[in-house]
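**Student:** Residue numbers (my numbering), protein chains in the order written: chain A, 28 to 351; chain B, 28 to 351; chain C, 28 to 351; chain D, 28 to 351.
4 protein chains.
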Amino acid sequence: MCTAATYLTKDFYFGRTLDYEFSYGEEITVTPRNYPFHFRHTENLEKHYAIIGMAHMAGDYPLYYDAVNEKGVGMAGLNFVGNAYYHKEESGKKNVASFEFVPWVLAQCATLDEVRDLITDLNIVDTLFSENLPAGMLHWIISDKSGSITVESMKDGLHIHENPVGVLTNNPPFEQQMFMLNNYMGLSPKQPENHFADKLDLNMYSRGMGALGLPGDLSSASRFARVAFTKMNAVSDDSEEESVAQFFHILGSVDQQRGCCEVSDGKYEITIYTSCCNASRGIYYYTTYSNSQITAVDMHREDLDGSVPVHYPMLTKQQILWQN
Amino acid sequence: MCTAATYLTKDFYFGRTLDYEFSYGEEITVTPRNYPFHFRHTENLEKHYAIIGMAHMAGDYPLYYDAVNEKGVGMAGLNFVGNAYYHKEESGKKNVASFEFVPWVLAQCATLDEVRDLITDLNIVDTLFSENLPAGMLHWIISDKSGSITVESMKDGLHIHENPVGVLTNNPPFEQQMFMLNNYMGLSPKQPENHFADKLDLNMYSRGMGALGLPGDLSSASRFARVAFTKMNAVSDDSEEESVAQFFHILGSVDQQRGCCEVSDGKYEITIYTSCCNASRGIYYYTTYSNSQITAVDMHREDLDGSVPVHYPMLTKQQILWQN
Amino acid sequence: MCTAATYLTKDFYFGRTLDYEFSYGEEITVTPRNYPFHFRHTENLEKHYAIIGMAHMAGDYPLYYDAVNEKGVGMAGLNFVGNAYYHKEESGKKNVASFEFVPWVLAQCATLDEVRDLITDLNIVDTLFSENLPAGMLHWIISDKSGSITVESMKDGLHIHENPVGVLTNNPPFEQQMFMLNNYMGLSPKQPENHFADKLDLNMYSRGMGALGLPGDLSSASRFARVAFTKMNAVSDDSEEESVAQFFHILGSVDQQRGCCEVSDGKYEITIYTSCCNASRGIYYYTTYSNSQITAVDMHREDLDGSVPVHYPMLTKQQILWQN
Amino acid sequence: MCTAATYLTKDFYFGRTLDYEFSYGEEITVTPRNYPFHFRHTENLEKHYAIIGMAHMAGDYPLYYDAVNEKGVGMAGLNFVGNAYYHKEESGKKNVASFEFVPWVLAQCATLDEVRDLITDLNIVDTLFSENLPAGMLHWIISDKSGSITVESMKDGLHIHENPVGVLTNNPPFEQQMFMLNNYMGLSPKQPENHFADKLDLNMYSRGMGALGLPGDLSSASRFARVAFTKMNAVSDDSEEESVAQFFHILGSVDQQRGCCEVSDGKYEITIYTSCCNASRGIYYYTTYSNSQITAVDMHREDLDGSVPVHYPMLTKQQILWQN
């Protein structure tokens with residue numbers, strides 16, 4: 028399905044994989060400050076923070092999958108089928124359609140604390156973008172350099188969780204994902220000590236045995252544990268080059284290879300793209316399943332005071348550098 | 028440590044990861060047909076098949092880590108510390124120093140069957156390349172499009188195993204690695220069926236649950252199982268572009284992220300490079316930890332009738348394509 | 028900690044293990060119909076169903092750990108530390124002290140449906156039996172031959188769950204335990220089929236490989252999965268002898284051996300006793316850690332119209348039958 | 028299949044489970060000192076150490092499954108199908124038929140060191156007891172209070188392994204079983220420490236989490252790991268009562284419940300019996316699947332200078348102690 032992660036060195040990085048069996052035609056999209064956001068149930072925003080991210084352009088409307096704004100707040104929606112539930116409009120609440128949630132937040136909030144304030148009394152409503160575009164059943168991770176939260180709209184209401192690990196995958200709900208991390212408590216990047224039996228001469232026959240028990244399959248709970256372990260133990264210097272490389276390695280730990288997750292006969296879920304936003308600097312880096320070179324779009328190379336979204340197609344053709 | 032894999036579509040692909048905490052300075056090296064191979068204990072080869080692969084150049088001598096020859100045979104040496112044992116020279120045997128084994132095979136064999144014949148009466152000897160260059164303790168995978176074998180020189184002699192899975196990692200010995208795959212027999216890229224209890228309404232809450240139980244850590248036995256599952260279930264079309272992309276995804280399943288395998292205080296094993304040779308066409312593709320773009324060297328762009336190895340430094344600087 | 032299970036053949040069986048590092052002095056206790064139950068917040072019961080079970084006798088008051096009544100309803104309280112939360116008395120609710128919950132239910136309900144009705148508007152209150160007897164932090168399984176429910180009083184209120192698997196252990200809350208069973212969906216008492224790779228000749232080197240992945244440790248979530256698998260796949264004929272034997276084997280799958288769960292230096296949690304009530308016939312069978320012979324108390328051999336609890340000490344001395 | 032274990036307190040205990048889908052009719056059998064052992068290929072023994080153990084009586088010949096002798100040496104044969112290989116008679120070797128191996132050893136050796144000497148030049152031959160009694164394909168554990176060895180006759184010859192863990196199950200060969208214990212090195216009876224991520228507040232929600240990762244299924248490799256963990260961490264005082272109880276708990280950890288291991292349609296492997304010999308005192312304790320009371324036969328209550336084996340049927344009827 029999908030995995031999101033954050034990473035903090037000198038700058039703050041935010042990204043995700045999008046795993047699916049086909050693409051809806053995503054584009055890297057910069058929405059400048061004066062693009063008017065007309066929301067279905069709440070006040071319009073004629074002027075707002077600029078946003079860069081991956082979006083499906085529905086006409087001129089950017090349906091963001093994941094994005095950061097010019098203030099360094101990042102947000103991504105990830106599949107949450109079976110648990111996500113969007114409600115009816117309710118008076119006295121801030122009614123936001125699920126497809127509006129990403130821009131509604133990123134347009135207005137300069138920090139995660141502002142997000143926390145904004146989403147008080149939030150009601151995520153089931154209003155569709157259009158009749159022929161069913162709503163994605165999602166939950167969201169919202170982050171800045173200070174931390175992350177997870178927002179889940181379920182049948183029993185809205186749940187806002189602090190997300191101390193800074194990762195998100197899919198089912199089950201976030202609290203359960205966090206709970207299940209307890210089961211991996213003893214795993215370590217260091218070699219294990221023999222606690223099994225001090226009278227047995229057990230042998231570390233390989234490096235990396237301290238994390239034996241970490242799951243390696245592609246289910247959402249296993250990806251949560253694996254990316255959490257990888258992210259929490261990740262080491263890099265704080266240069267842009269090394270930070271970005273490290274971020275792609277973190278999400279690479281949950282890459283979905285074609286063939287390993289068959290969703291129906293001959294249809295396979297794969298990691299369509301992997302993104303890494305430098306949220307501090309407004310740069311959107313990405314790779315795709317077929318193109319491992321990092322491609323980048325810099326929001327600050329666009330006219331951020333414009334009023335029309337600028338969008339770039341995802342480059343999916345392998346770019347090979349021939350050395351001879 | 029390291030992982031090697033093969034992949035067959037229209038062409039035959041052979042490659043590996045090299046995982047370590049530092050680099051010895053590898054270079055992509057083409058050894059042309061007339062470079063004289065002077066072996067320590069066996070007959071010299073003044074003329075032979077051309078070879079391309081990753082090598083540490085010791086003076087003008089290519090110490091190959093992994094390579095393919097112009098006939099489509101690939102070979103890689105992987106760490107086998109604790110089990111590898113090189114013997115004394117023995118008369119009546121083909122005495123080959125461990126560091127000579129890759130070129131000795133690739134220089135002479137056009138097929139895996141020829142390899143099988145050649146290594147009859149092989150004795151891998153402990154002769155050093157030079158006094159200050161200790162021998163890597165290795166075992167080897169040798170492959171062509173028809174299959175793979177694994178060669179392990181141990182205290183009790185030389186073991187040659189058919190390798191039906193076409194992957195290799197490190198300890199324990201290959202037969203044990205294969206045996207342990209039996210434990211994962213029931214894993215599948217398809218969703219599981221409920222065999223736990225037909226009276227319980229169990230729920231597939233995520234895609235990818237059929238492979239629950241696949242290990243996700245970086246130890247050599249876990250990487251063996253994971254890359255075997257990924258490779259055996261890999262799906263791609265047979266174009267060069269898609270085959271190469273798929274190959275890098277296969278080895279990406281065992282990528283070692285900096286921080287997840289601490290080998291001593293603050294020292295981490297990482298995937299220094301990942302290679303994918305199109306063995307059918309003599310092209311060496313690679314990525315490095317810090318450079319995710321695929322770089323390529325094509326042996327056929329060199330003068331294969333030359334007598335001096337041509338070598339290219341590994342390009343480790345991230346190559347970012349700016350889209351705006 | 029503890030495990031409870033049910034088993035249905037011709038009769039209905041209900042029992043549990045009690046795992047702890049010391050005993051409070053339990054006794055097999057028959058409470059006859061005319062023992063007056065004086066509840067702290069609800070109406071007294073001067074006449075009620077007779078009850079047999081394991082209890083700590085506090086004066087003449089039976090503090091039941093697990094019991095069945097003469098109508099075939101069984102109930103057990105199991106540790107739920109960290110999640111159990113008892114509330115203040117609340118008007119308009121049925122306020123039952125946690126220590127009263129077992130007799131309050133078993134005294135009045137002839138079926139699980141009657142239990143479901145009775146516990147409408149239940150409020151489990153934090154009233155203590157006495158100042159020096161802290162309340163056990165528990166959740167409960169209540170069962171008859173038609174099924175089981177689990178009752179959990181938590182900070183956010185009372186949760187009543189259908190329990191289709193008929194087992195209970197400890198943390199986490201029941202819904203999460205049930206959710207985690209999904210991860211074991213593919214496990215089977217039958218041998219696995221090779222879904223890993225149809226081109227590999229994998230080998231069933233042992234019987235019983237279909238359940239590879241079933242956890243074997245003593246934590247509460249692992250015991251839940253293991254006893255659920257064992258119970259759901261248990262096979263016996265419906266004779267009393269074989270049913271009882273099978274029941275002890277089911278709970279034997281989660282037996283806690285001294286030494287395997289160290290709770291503080293040199294203190295080990297063990298299975299102090301294992302019980303199996305024939306709930307249909309009012310017989311309480313048990314074994315203890317040190318006495319593997321089944322000892323039995325039959326409620327119908329007591330005067331069930333009496334007014335004083337009859338209690339038998341737990342026989343803990345090994346009874347060995349010498350055959351020569 | 029089967030599991031054997033040893034346990035040392037003041038006395039030395041040796042026992043096993045026999046797991047199968049039907050019984051051949053075992054009996055507890057004392058072979059006195061003057062029963063003449065006529066071996067097929069080696070010298071007869073007219074006088075020897077007395078033996079007590081479980082045997083199938085073939086006429087008056089005791090085919091021992093597991094036994095101890097009066098000197099405190101214990102020995103058991105466990106299924107090893109697919110790996111066991113018995114050889115042809117070979118001159119210059121001690122040729123012992125597989126069915127003779129237990130009495131041939133126990134009749135002559137007072138210590139494990141004497142066993143080590145005796146089995147020099149051993150050749151386990153494929154001579155059958157009789158034409159209609161196929162040879163069980165076995166490997167053996169031989170133990171005294173000083174330690175244990177494992178003897179495996181395979182296609183490539185006889186393997187004698189020191190067995191530092193003092194347990195045995197079935198496939199794969201012993202060395203591989205021992206090797207796989209390395210994977211459980213970090214497991215502990217104590218609670219785990221958080222090595223996953225020091226910045227996450229992970230929670231020990233249950234006792235017993237230190238052994239998460241211990242396998243709970245009934246396959247032979249999983250039973251090996253589980254019984255090894257249980258035995259190596261077992262704690263008891265050194266009284267006979269507590270030692271015997273603890274021993275049955277150790278083997279109880281690998282009890283096979285009816286229904287959990289289906290070997291063909293409707294046929295289930297179960298733990299037919301579990302034995303615990305006090306090897307120091309010549310007492311054979313056992314329980315059966317249907318009879319959890321410990322039954323005992325004391326060799327010293329027989330005339331050990333006799334010449335005819337004394338055998339007692341296995342008591343399989345549940346012995347219930349009625350307390351009221």
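The beta-carbon is built from N, C-alpha and C at its ideal position, and this holds for glycine as well.
How big is the Cα-Cα spacing for Leu-352(B) and Leu-342(A)?
**Tutor:** Nothing about residue 352(B) can be reported from this structure: the residues present for chain B run from 28 to 351 only.
**Student:** Can you grab the Cα-Cα spacing for the pair Tyr-40(A) / Tyr-300(A), in whole Å?
**Tutor:** Along the first sequence, read from residue 1 onward, the residue named residue 40(A) stands at position 13. Along the first sequence, read from residue 1 onward, the residue named residue 300(A) stands at position 273. Computed Cα separation, rounded: 16 Å.
**Student:** May I ask you to verify whether the segment 77-89 of chain B touches the segment 293-313 of chain B, counting CB pairs closer than 8 Å and requiring at least 3?
**Tutor:** These segments touch.
**Student:** In this structure, does DSSP put Leu-155(B) in helix, strand or coil?
**Tutor:** Mapped onto the second sequence, residue 155(B) falls at position 128. Coil at Leu-155(B), not helix or strand.
**Student:** Could you tell me whether any Cβ in chain A is nearer than 9 Å to the Cβ of Glu-289(B)?
**Tutor:** Numbered from 1 along the second sequence, position 262 holds the residue referred to as residue 289(B). It does: the Cβ of Glu-289(B) has a partner Cβ on chain A nearer than 9 Å.
**Student:** For the 8 Å Cβ check, are there 3 or more pairs between the segment 328-347 of chain A and the segment 37-55 of chain B?
**Tutor:** The segment 328-347 of chain A vs the segment 37-55 of chain B: no contact.
**Student:** Any chance you could list the beta strand (DSSP E) runs of at least 3 consecutive residues sitting entirely within the segment 296-334 of chain B, in chain order?
**Tutor:** Complete beta strand (DSSP E) runs here, min 3: 297-305, 310-315, 318-325.
**Student:** Under 9 Å, Cβ to Cβ, is there at least one residue of chain E near Lys-217(B)?
**Tutor:** In summary, chain E is missing from the structure at hand, where the protein chains are A, B, C and D.
**Student:** Considering only C-alpha positions, which residue in the set Leu-245(A), Asn-159(A), Ile-187(A), Gln-203(A) is nearest to Ile-169(A)?
**Tutor:** The count along the first sequence starts at 1 and reaches residue 169(A) at position 142. When only C-alpha atoms are compared, the closest one is Ile-187(A).
**Student:** Gln-203(B) versus chain D: which residues are under 8 Å apart at the beta carbon?
**Tutor:** Along the second sequence, one-based indexing puts residue 203(B) at 176. Going along chain D in sequence order, the residues near Gln-203(B) (Cβ under 8 Å) are Gln-203, Phe-206.
**Student:** Does any CB atom of chain D fall closer than 9 Å to the CB of Pro-242(A)?
**Tutor:** Within the first sequence, numbered from 1, the residue matching residue 242(A) stands at position 215. For Pro-242(A), the answer is no, since every Cβ of chain D falls outside 9 Å of its Cβ.
**Student:** Using 8 Å as the Cβ pair cut-off and three pairs as the minimum, do the segment 212-227 of chain D and the segment 204-218 of chain A touch?
**Tutor:** In short, these stretches touch, since the Cβ pair count reaches three.
**Student:** Which residue spans inside the segment 184-210 of chain D form an unbroken beta strand (DSSP E) run of at least 3?
**Tutor:** Qualifying beta strand (DSSP E) stretches, in chain order: 184-189.
**Student:** For the segment 38-125 of chain C, which segments carrying the beta strand (DSSP E) assignment without a break, of at least 3 residues, lie completely within its bounds, in sequence order?
**Tutor:** Here the runs fully enclosed are 39-47, 54-58, 78-85, 88-96, 101-106, 121-124.
**Student:** Going straight from the alpha carbon of Arg-285(C) to that of Ser-280(D), what length do you get?
**Tutor:** Within the third sequence, numbered from 1, the residue matching residue 285(C) stands at position 258. Within the fourth sequence, numbered from 1, the residue matching residue 280(D) stands at position 253. Between Arg-285(C) and Ser-280(D), the C-alpha separation is close to 11 Å.
**Student:** Can you give me the Cβ contacts of Leu-331(A) inside the same chain, cut-off strictly under 6 Å, excluding the 5 residues immediately before and after it?
**Tutor:** The count along the first sequence starts at 1 and reaches residue 331(A) at position 304. Once the five neighbours on either side are set aside, the close Cβ partners of Leu-331(A) are Pro-59, Arg-60, Ala-77.
**Student:** Restricting to Cα atoms, I'd like to know which of Glu-73(A), Asn-106(A), Met-259(A) is closest to Gly-193(A).
**Tutor:** Taking the first residue of the first sequence as position 1, residue 193(A) is located at position 166. Checked all of Glu-73(A), Asn-106(A), Met-259(A); the closest Cα to Gly-193(A) is Met-259(A).
**Student:** Identify each residue in the segment 161-172 of chain B for which the Cβ-Cβ distance to at least one residue of chain D is less than 9 Å, and report them in chain order.
**Tutor:** Here the close residues number zero.
**Student:** Going by the beta-carbon positions, is the gap between Ala-238(C) and Ser-180(D) smaller than 9 Å?
**Tutor:** Here residue 238(C) corresponds to residue number 211 of the third sequence, with the count starting at 1. Here residue 180(D) corresponds to residue number 153 of the fourth sequence, with the count starting at 1. No.
**Student:** If we ignore side chains and look at the alpha-carbon of each, how far apart do Glu-267(B) and Asp-38(B) end up?
**Tutor:** Position 240 of the second sequence, counting from 1, holds the residue named residue 267(B). Position 11 of the second sequence, counting from 1, holds the residue named residue 38(B). If you take the alpha carbons of Glu-267(B) and Asp-38(B), they lie about 8 Å apart.
**Student:** Kindly indicate which three-state DSSP category Leu-35(D) falls into: helix, strand or coil?
**Tutor:** Taking the fourth sequence and counting its residues from 1, one reaches residue 35(D) at position 8. Reduced to three states, the DSSP call for Leu-35(D) is strand.
**Student:** Flag Leu-195(B) as yes if its beta-carbon sits less than 9 Å from any beta-carbon of chain C, otherwise no.
**Tutor:** Along the second sequence, read from residue 1 onward, the residue named residue 195(B) stands at position 168. For Leu-195(B), the answer is no, since every Cβ of chain C falls outside 9 Å of its Cβ.
**Student:** Skipping 5 residues on each side, what residues in its chain have a beta carbon closer than 8 Å to that of Asn-71(B)?
**Tutor:** Along the second sequence, read from residue 1 onward, the residue named residue 71(B) stands at position 44. The answer, listed in chain order, is Pro-63, Phe-64, His-65.
**Student:** Could you check how far apart the C-beta atoms of Ala-255(B) and Gln-273(B) are, in whole angstroms? I think they sit under 8 Å.
**Tutor:** Here residue 255(B) corresponds to residue number 228 of the second sequence, with the count starting at 1. Here residue 273(B) corresponds to residue number 246 of the second sequence, with the count starting at 1. Ala-255(B) to Gln-273(B), Cβ: 15 Å. No contact.
**Student:** With 9 Å as the threshold, decide whether the Cβ of His-276(A) is near any Cβ in chain B.
**Tutor:** Along the first sequence, one-based indexing puts residue 276(A) at 249. Yes, contact with chain B.
**Student:** Taking only three categories from DSSP, how would you classify Leu-352(A)?
**Tutor:** The structure shown does not extend to residue 352(A), since chain A is modelled only from 28 through 351, so no value can be given for it.
**Student:** Beta-carbon separation of Glu-53(B) and Arg-234(A) under 9 Å?
**Tutor:** By one-based count along the second sequence, residue 53(B) stands at place 26. By one-based count along the first sequence, residue 234(A) stands at place 207. For Glu-53(B) and Arg-234(A), no; Cβs fall outside 9 Å.
**Student:** Looking only at DSSP bridge pairs, what is Lys-294(A) linked to?
**Tutor:** Stepping through the first sequence from its first residue, residue 294(A) is reached at position 267. Bridge partners of Lys-294(A): Ser-291(A).
**Student:** Straight-line CA distance for Ala-19(A) to His-75(A)?
**Tutor:** Residue 19(A) cannot be examined here, being either before or after the span of chain A that is shown, 28 to 351.
**Student:** Ends of the beta strand (DSSP E) at Met-181(C)?
**Tutor:** For the purposes of this step, residue 181(C) is taken as residue 154 along the third sequence, with counting starting at 1. Note, Met-181(C): beta strand (DSSP E), 174-181.
**Student:** If you measure from the beta carbon of Ala-248(B) to each beta carbon in chain D, is any gap under 9 Å?
**Tutor:** As a working note, residue 248(B) is residue 221 in the second sequence. Chain D, which has a Cβ nearer than 9 Å to the Cβ of Ala-248(B), makes this yes.
**Student:** Can you tell me whether Asn-159(A) is buried or exposed, with buried defined as 16 or more other CB within 10 angstroms of its CB?
**Tutor:** Looking up residue 159(A) in the first sequence gives position 132. That one is exposed.
**Student:** Is Lys-258(C) near the ligand ADP, going by C-beta to nearest heavy atom under 8 Å?
**Tutor:** The ligand ADP is not part of this structure, which contains no ligands at all.
**Student:** Could you give the C-beta distance for Asp-87(A) and Lys-120(A), rounded to a whole number, given that I count them as a contact under 8 Å?
**Tutor:** On the first sequence, residue 87(A) is found 60 positions in, with the first residue counted as 1. On the first sequence, residue 120(A) is found 93 positions in, with the first residue counted as 1. 28 Å between Cβ atoms; not a contact.
**Student:** For a quick check, are the C-beta atoms of Leu-241(B) and Ala-32(B) less than 9 Å apart?
**Tutor:** Taking the first residue of the second sequence as 1, we reach residue 241(B) at position 214. Taking the first residue of the second sequence as 1, we reach residue 32(B) at position 5. Taking 9 Å as the Cβ cut-off, Leu-241(B) and Ala-32(B) do not qualify as a contacting pair.
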